[in-house]
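Novice:
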Amino acid sequence: MGKLEGKVALITGAGRGQGRAHAVLMAREGADIAALDICRDLPYPRYSLAKRSDLEETAR
60 MGKLEGKVAL
70 ITGAGRGQGR
80 AHAVLMAREG
90 ADIAALDICR
100 DLPYPRYSLA
110 KRSDLEETAR
């Protein structure tokens, strides 16, 4: 039984980077994950944001 068994984690920015890392780690510890990300480009910030495929990889 993981440390987070029976818990639910709401993770924003789960498509890539720190959000993905937290989602994967918490899932490994037994948490159910609600993973969210915008998955589209915005006029700000000036770097590329997560894509739908990134979020799908997190869920895998």
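Residues 60 to 119, numbered by our numbering, are exactly what the sequence shown covers, in order. Where is the CB? At the ideal position from N, CA and C, for every residue including glycine. Here the structure is a predicted model, which is why all the values come from computation and not from measurement.
My guess is that LEU95 and ILE70 are in contact by the Cβ rule of under 8 Å, so how many angstroms apart are they, rounded?
Specialist: 7 Å
Novice: Any idea which residues DSSP pairs ASP91 with across the strands?
Specialist: VAL67
Novice: Excluding five sequence neighbours on each side, which residues of the same chain lie with their C-beta closer than 6 Å to the C-beta of ALA90?
Specialist: LEU63, LYS66 and ALA68
Novice: Let's see if you can read the secondary structure: which residues bound the alpha helix (DSSP H) around ALA118?
Specialist: 111-118
Novice: Beta carbon of ALA82, beta carbon of ILE92: below 7 Å?
Specialist: yes
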